[in-house]
Structures are given as structure tokens and as C-alpha cells.
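Chemist: Residue numbers for the first sequence follow the working numbering, beginning at 728 and rising by one.
Here it is, the structure, as C-alpha cells.
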Amino acid sequence: MTSPQNWLNDLNPQQRQAVTAGTGQILVLAGPGSGKTRVLTQRIAYLVGGPGVRPYNILAVTFTNKAAREMETRLRHLLDEASADLWLGTFHAICARILRREADFLPFKSNFVIMDADDQQALVKRSLKELKLDEKLYRPPSIHAAISTAKNHLVDAPEMTVRSYRDEVVRRVYEQYQKLLRNNNAVDFDDLLMVAVRLFEENPAVREKYARRFEHVLVDEFQDTNLAQYKLLQQLSSYHNNIFVVGDEDQSIYRWRGADYMNVLRFEEEHREAQKILLEQNYRSTQTVLDAARAVIDRNPNRTHKRLFSDRGRGERIVLFEAADDHAESAYVVDTISKLINKGNAKGADFAVMYRTNAQSRLLEEAFLRAGLPYRLVGAQRFYGRREVKDLIAFLRLVQNPADEISLQRVINVPPRGIGDKTLVALQLKARQVGTSPGAIVLDLGLRADESSFWNTFTGRGAAVLADFGAMLNGWGKNLDETPLPALFDRILTELGYQAYIQDGTEEGEDRWGNVQELRRLAYEYKERGLVVFLENLALVSDQDTLPEKPDAPTLLTLHAAKGLEFGRVFIVGLDEGLLPHSRSFDDVEEMAEERRLFYVGVTRAKDHLYLVRAERRSTYGQFEVNEASRFLEDLPDELVQHEGAVRPWKAGKTSGESWYGQKQQPRLERWQSNLRQGAGAGKAESSANMVQPRYRPAMRVRHAKWGEGMVVGSKVVDGEEEVDVMFSGVGLKRLLASLAVLEILNG
DNA sequence: AAGGCCCTTCTTTTT
DNA sequence: GAAGGGCCTT
728 MTSPQNWLND LNPQQRQAVT AGTGQILVLA GPGSGKTRVL TQRIAYLVGG PGVRPYNILA
788 VTFTNKAARE METRLRHLLD EASADLWLGT FHAICARILR READFLPFKS NFVIMDADDQ
848 QALVKRSLKE LKLDEKLYRP PSIHAAISTA KNHLVDAPEM TVRSYRDEVV RRVYEQYQKL
908 LRNNNAVDFD DLLMVAVRLF EENPAVREKY ARRFEHVLVD EFQDTNLAQY KLLQQLSSYH
968 NNIFVVGDED QSIYRWRGAD YMNVLRFEEE HREAQKILLE QNYRSTQTVL DAARAVIDRN
1028 PNRTHKRLFS DRGRGERIVL FEAADDHAES AYVVDTISKL INKGNAKGAD FAVMYRTNAQ
1088 SRLLEEAFLR AGLPYRLVGA QRFYGRREVK DLIAFLRLVQ NPADEISLQR VINVPPRGIG
1148 DKTLVALQLK ARQVGTSPGA IVLDLGLRAD ESSFWNTFTG RGAAVLADFG AMLNGWGKNL
1208 DETPLPALFD RILTELGYQA YIQDGTEEGE DRWGNVQELR RLAYEYKERG LVVFLENLAL
1268 VSDQDTLPEK PDAPTLLTLH AAKGLEFGRV FIVGLDEGLL PHSRSFDDVE EMAEERRLFY
1328 VGVTRAKDHL YLVRAERRST YGQFEVNEAS RFLEDLPDEL VQHEGAVRPW KAGKTSGESW
1388 YGQKQQPRLE RWQSNLRQGA GAGKAESSAN MVQPRYRPAM RVRHAKWGEG MVVGSKVVDG
1448 EEEVDVMFSG VGLKRLLASL AVLEILNG
């Protein structure tokens, strides 16, 4: 172990103060690049090496697997094998661990599975179906979001406040959704946190067991905690009251997931005697980058002002490039990168390209491919989202937990074995009737074939095919504890004939088989730890954690994924109103403040050189739209910015309060809307005199030959064609092309 | 039962 | 511009 004294000397006074702070509550507000992770890990090393705290009595919580891994690596250097006893992990992983240990107190078994985002969606759909609610009216993503929000706020279905019929629907779906989860011996992401908090609330003895153990609790990215997480930390530190939290309000970007940076203020409020330490020295960026970042973030309220400084000097000015359209935007990025690489001024790994939405990566990828330049894409390509990967995970999940209906439904007919809708419905119905899971019926059929009491439930070949499937499943589940995971994996592949099914001679088939092998490699890494741990990690590891191994290539990633990283040269693309800030944030000041923080996070990733890029026009779903420059660009001090290839002289002749086109600025929202209006008709319609005028107006009554009478609810011209939305009584909403449909206008 | 075609919808961000 | 769902055909 390195002697503490040695590395303490390498810390600045504030860092040292944080690392060596005494017991009690400590709040470290750490600006970007201020050595936050270093402080956190060295604090742990200090606690062990100085006051002699046993690693066993320390809990360190992070938000992402990436952060947990990084801390783990650093700690291994500082503490060697002593670090093994330490509890270090993401909130979700730590909760899963607690719930498995304490399953006796809980309404599910310790081999529960964790439902991922897709599963959760499927469960919501199923709940809606069982309650006979219309998916069109109650969009599953939106219902799920409401349920998730409730859980993040520790609100159960019965405790929900119901102010509208919709609230009532959400409450009922929530109830059904929970029932399904429990029937499936499953939890979702949000349950992991909420159930843990409830467990501790209802069983003080259990809480105390953990609280006594954890003499010191340390938390990373504290600004991103939601209520459940805040509460959990309170509970876990309730015995020794030593809690050390590190965070930065300015980098809180997960509001939509329930995160509340006000927890930082709340922490101060609840712990008046807490020590507060500010880390303001930045070791990452040039002063130019920091000044720009500050100009952007200082416009947000409710924050501790920090004065970030760097001794790296002013550095290069920020480049602002305005492209004519989104293709030109991507081309500019790739051209600039390849020029710098070819000149020998930089290497691929120095670069990152950041964007607001995953959809923006497509054009960039195409541009990189065209230029023959390798790149690394974080997330989005979704290894774990691939069909073959999900299939095999579903089989493994079924082996662990035959009650998992979502997985059963997914693979019961994979590869096709003649089980269709009819058989499936009969199976589910029977399961409900006898109060068991469909999986249990399949297993019973597999075990006893025509001796099974379920044999006669199914017509035709149904029972036999299900029995075959059940027999396979039985075989896989036998002697599970003695079967090494890779062996189980191979057995499943063989008995399914999965390779032949996947490798169909096409290139895509090869690709898919490659993914299967990749998953097998991963399973091999878990051969010591076993199936349960493997599946848990699959559920809790995101695509964001899978960075393709392509050394020395530029990285493409969302601004969210960029948090915690740094790059020599950073491109932020899509700096347009509507994209960054995203249009969804226009009518909510808190959302808008978060967009600003997101931009701030992006800016502060840059060590040496920042490129801000936007496009006058871009195609957001198929159609071109004209966008205005992001409002955030206007906050950048002119002297920090150098314009390149502008479409028009940006901010030219700008005097205060006026924009570059020399008019008094309209309020933002109006500008956005008028943009939309102009954008929609721009191009063919605006320039030509014979612009198509809608014939139908809302509230008109019309008659259709097939659907009878209805009322026009909307009409718009798309590509010179009028599209009319008509609500027909008894039929519902229909969209018709005015030029084709025979619509009789009954009144105008 | 399965596969193909057309239509719709959508996009924020993720443990 | 993609992906999923519904509806059609075989």
C-alpha cells in the first residue's frame, strides 16, 4: 500500500481538506475536472490507512457502472486486496444485493429477475390489456413514466393522488403492473430502490444491521439522487451518521428520472453542522473553455456559485461553425477531425463528438464511414437490444425463474416450433385459472407429458409441442448449481439448434451469430459467479457501459453519456433551438435549466479545444426544418469565439437586445413557433404561388362512403397533399388523403 | 401459424 | 427514416 503521506502532498488544500475531513456529514461541491473521483477514492484510502477503518465498514455508492469500475480500479492500486471487503457499486446494484439477502422479508424470492426497460414496457402493455384499456389512449411509455415517477417518490399505487380520470387509470395500471411483477417473481429498476427503502422502514432491525455495518457512507454524483436514493442514504448512514457526499448541482442532468439537485440544498438544511468544501481548481480545461462554461451556467438560479480556475492558460478560442444543413454539419466534423489527424496534430482518441439525441448519430456515422475513419459509438447500437442477445438472455432467465412470463412469451416459439397465438392464449388462461404461472404448466407438461393434468387443455399438437419445450427447460434447470454457466449456455444453443436458426447464410446472420458468441464470451467471464450474478449484471449494465474496443478512434456519444469523461478536442453538434435546448423543455423553466446544465456538461468535457456546430436546416423526421441558433450560443462572450464558415455572419452588427437580423428579439417560444410555421411550408410551398390550401377545416361535418358521418378534427398539407383527420362515430379517428378519399362536406 | 406488407408513430436523455 | 403493430395472404 502506498503511504498516505505521499499522495496527500499531491492534493490541493481543498482536496486535502476533503480527503482528511473528520467524521460527520461532509458535502463536497466539486466543479468539473476538479479531481472529484480522486478525492472520493483517496478519502476511502485515507479512512483505511489513517483512522484505520476496515474496508468492510465502508459503503461507496455511484450512479453508473462506469464510475464504480473506475473507483474500483483506483482503489485496488491504493489498497491492494484490502479493497475486496468494501461495498462499492451503483445504487441499483447495491439494492439488488440487499434485496437478495433479505428476500425472506419480501414478497418475492431471492432468485428474482430484474426487468429491463423493454420488459417494463411489455408489462405495462400487458397490464393495459388485462384491464381492457386502450393503448392508443393511454400510451404505454407515458403510463410507465408516471408509474416510475411515483416509485421514485416512494409512492405506492394505493397512495397515489388521483385528480383526474387519467390519474385513476395510471393508479389501476400501476396496481396491475405490480401484481404482474410479483407473479413473475420480478422487480423493475425502480423497485430495487423503493423496495429497499420500504424494507428498512418496516424492519428497523434489518435497517440497523446495515447501518451499524456502514461506519462510513460515501456517495458520488449526489446531485443526481432522487427521493428514494436520498432516503436510502439516510437509512444506511443512520447509525454512525458519517456521510460524505460529492456532487455538483451544475451537472445535474437526470431530472426526468426523478433526480433532484435540490437534494444538495436539502442535505445542507438537514445537516446544519455539515462541512462544506468547494473544489474550484480545474485540472482539465483551458481558461477559455472554463470562461465559456461559466458564462453559460451562471444564468441558472439555485446554485452555489463556483469560480472555476485553471492554470493551463487561455488556450485556443472556441470554434463556432454554422453549416447549411445537417449533412454539411457532419461533413464539417469529420473533415476537421481527419485534417487534424493527417497533419499529425492530433490522434483519433483525442476527439469526441457529442449530441443531444441518439438519432443524431446516424448522419455522423455515415460521414465517418464515407471518410474511411474509424469511430467508437457509445450506446445506441445496443448490443443488449439485439434480438438474438435478448432471446438467449430470455432462455437463461427462464432457467433461473420459470415464472418469468415476459421471457417465456418472448422465446416460447423460438426457433419456430409451432406455438402460436391460440396455444399461448390457452396457456395463459389455464395458468390464471389454476393460479400458477404459464412456465410452471410448461414444466409440468415437460415432466409428465400426457400424464399431466394440463395435457387436455390444448388442442391439436399444442400439448405435445409445449411438452417438448418444457422437457428442454426441465433439463436445463436440473443440477443448476453444478453446471458451469458456459456449459449451460452451450447446452441451450445445441438443444435449440440455435446456430442453424441464426446462421441463415446472410451477412446479417453472421453478424447475429457473432453477437451470440460475444454473449458466450461474457458468460464465460461469469463462470465462477454463476447464473444469478450474470443475469443481474446484464440487467444493470447498460449499453452506455459497452465502449467498443477500437483504440485511437474518435468517440460519438450523447451529452448524457459524456458526463465524467474528458477529451482533448470536443465537438458539440446540433446547437439549434429545438434540439439543444430540446423543444420538450420550452415550456418549463426547470427543464430549460437542465438543458443548460447539459450543455455545460458538454463544454466542460473539453481539455484543449471546443467546437460548437449547428445547422441552418436539418431533417427531423423526413422533412427539412429551419432552425435558429441555440440560445446558449448567444451567452458565449464574443472574445472567446472564432467563427468559421458561417452561413451568415452570426450575431453580425448585434447590439444588446438585438439579434443578428437586426430586429428586436421576440420571446423565445414565439420565435420557435414561428420557425416551425415557416419551416413546415418552406421550400416548395412558400415559393410557389399555387400553394395547396386545405379544403377541410376542423369542426366540419363530412360523410364517407364506408365510415359514414364524421367530424373533421384537423387538416394539414404535407408534400402538397392535404391530409384530413376525421373522427367517425363508432369508427374512430381516420387520416385520409383529401385527393383520394371521397368526402362529402355536409356543412361548412 | 407464419411471413410480408403497409401504416403509424415517434425521439430526449438511462440505471 | 426506423421500428413496431395490424392486417392481409398463403
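Just so it is clear, CB atoms sit at the ideal spot from N, CA and C, and this is done for glycine as well.
Keep in mind that this is a model prediction, so the values were computed, not measured.
(1) Among 1180, 1103 and 1145, whose alpha-carbon lies nearest the alpha-carbon of residue 1161?
(2) Where residue 745 and residue 755 are concerned, what is the direct C-alpha to C-alpha distance, given to the nearest angstrom?
(3) If you check the beta carbons only, do residue 751 and residue 1005 fall under 9 Å apart?
(4) Grab the span of the alpha helix (DSSP H) containing residue 921 for me, first residue to last.
(5) Are the beta-carbon atoms of residue 1436 and residue 1424 separated by less than 9 Å?
(6) Which one or two residues does DSSP pair with residue 1338 in a beta bridge?
(7) Taking just the CA atoms, how far does residue 986 sit from residue 1211?
(8) Taking the beta strand (DSSP E) that residue 842 belongs to, which residues open and close that run?
(9) Note down the Cα distance separating residue 1238 from residue 1031, rounded to an integer number of angstroms.
(10) So for residue 1416, helix, strand or coil by DSSP?
(11) Three Cβ pairs or more, each shorter than 8 Å: is that satisfied between the stretch 792-799 and the stretch 926-937?
(12) So what's residue 1259 in DSSP terms, helix, strand or just coil?
(13) For residue 1139 and residue 1196, I'd like the C-alpha separation in whole angstroms.
(14) Using a Cβ-Cβ cutoff of less than 8 Å, which residues in the same chain neighbour residue 958 once the five nearest sequence positions on both sides are dropped?
(15) Could you spell out the range, first to last residue, of the alpha helix (DSSP H) harbouring residue 818?
(16) Taking the Cβ atom as the reference point for each residue, do residue 1476 and residue 996 lie within a distance shorter than 9 Å?
(17) Roughly how many whole angstroms lie between the Cα atoms of residue 1361 and residue 1023?
(18) Can you name, in chain order, every residue of its own chain whose Cβ lies under 8 Å from the Cβ of residue 893, other than the five neighbours on each side?
(19) Among 832, 1247, 741 and 1207, which one has its Cα closest to the Cα of residue 1217?
(20) If you count every other CB in all the chains shown that lies within 10 Å of the CB of residue 1432, and 16 or more means buried, which is it?
(21) Within 10 angstroms of its Cβ, does residue 1472 collect 16 or more other Cβ (buried), or is it exposed?
(22) Is residue 972 buried or exposed, if buried means 16 or more other CB atoms sit within 10 Å of its CB?
(23) I'd like to know whether the C-beta atoms of residue 1340 and residue 902 end up nearer to each other than 9 Å.
(24) Please specify which runs of the beta strand (DSSP E), each continuous and at least 3 residues long, are wholly inside the stretch 1191-1270, giving them in chain order.
(25) Report, in whole angstroms, the separation of the C-beta atoms of residue 1115 and residue 1229, which I expect to be a contact under 8 Å.
(26) What does residue 1356 pair with, by DSSP beta-bridge criteria?
(27) Taking 8 Å as the cut-off, does the CB of residue 1231 come closer than this to any heavy atom belonging to the ligand MG?
(28) So, are the CB atoms of residue 1184 and residue 1205 less than 9 Å apart?
(29) For residue 1081, which beta-bridge partners are listed by DSSP?
(30) Taking Cβ positions, are residue 1328 and residue 980 nearer each other than 9 Å?
(31) Within its chain, find whatever has a CB closer than 6 Å to the CB of residue 1403; leave out the 5 residues flanking it on each side and keep chain order.
(32) Hey, would you say residue 977 sits closer than 9 Å to residue 1008, going by beta carbons?
(33) Relative to the C-alpha of residue 811, which residue among 1222, 817, 819 and 800 is closest?
(34) Going by the CB atoms, is the gap between residue 1261 and residue 1123 shorter than 9 Å?
(35) So if DSSP puts residue 1435 in a beta bridge, which residue, or which two residues, is it bridged to?
(36) In whole angstroms, give me the CA-to-CA distance for residue 1221 and residue 749.
Modeler: Inspection of the coordinates gives the following:
(1) If we check each option's Cα against that of residue 1161, 1180 comes out closest.
(2) About 7 Å.
(3) In this structure, the beta-carbon distance from residue 751 to residue 1005 does not fall below 9 Å.
(4) Its alpha helix (DSSP H) spans residues 916-929.
(5) At the C-beta level, residue 1436 and residue 1424 stay beyond 9 Å of one another.
(6) Answer by DSSP bridge pairing, in chain order: 1046 and 1298.
(7) Roughly 40 Å between the two C-alpha positions.
(8) Residue 842 -> beta strand (DSSP E) spans 840-842.
(9) Approximately 50 Å between the Cα atoms of the pair.
(10) Note on residue 1416: pLDDT 30, under 50, position unreliable in the model; the coordinate value appears next. Annotated three-state conformation of residue 1416 is coil, per DSSP.
(11) As far as the Cβ criterion goes, the stretch 792-799 does not touch the stretch 926-937, which means the pair count is below three.
(12) Residue state for residue 1259 is assigned as helix, using DSSP reduced to three classes.
(13) C-alpha separation (whole angstroms): 8 Å.
(14) Within the same chain, residue 958 has close Cβ partners 881 and 924.
(15) Per DSSP, residue 818 is one residue of the alpha helix (DSSP H) stretching across 818-828.
(16) In this structure the chain extends from 728 to 1475, so residue 1476 is not present and cannot be described.
(17) Between residue 1361 and residue 1023, the C-alpha separation is close to 9 Å.
(18) Excluding positions up to five away in sequence, the list reads 865.
(19) Nearest option by C-alpha distance: 1247.
(20) An exposed status is given to residue 1432, since fewer than 16 other beta-carbon atoms sit within 10 Å of its beta-carbon.
(21) Burial call: exposed.
(22) Flag for residue 972 reads buried.
(23) Contact: no.
(24) Whole beta strand (DSSP E) segments, 3+ residues: zero.
(25) 6 Å between Cβ atoms; contact.
(26) Per DSSP, the beta-bridge partners of residue 1356 are 1303.
(27) Among the ligands in the structure shown, none appear at all, so the ligand MG cannot be discussed.
(28) No. Outside cutoff.
(29) Per DSSP, the beta bridge partners of residue 1081 are 1284 and 1299.
(30) In terms of Cβ geometry, residue 1328 and residue 980 form a close pair [threshold 9 Å].
(31) Here residue 1403 scores only 33 on pLDDT, less than 50, and its place in the model is too uncertain to base an answer on.
(32) The answer is no: Cβ separation not under 9 Å.
(33) Comparing alpha-carbon positions, the option among 1222, 817, 819 and 800 lying closest to residue 811 turns out to be 800.
(34) Going by C-beta atoms, residue 1123 is nearer than 9 Å to residue 1261.
(35) Bridge partners of residue 1435: 1431.
(36) Between residue 1221 and residue 749, the C-alpha separation is close to 59 Å.
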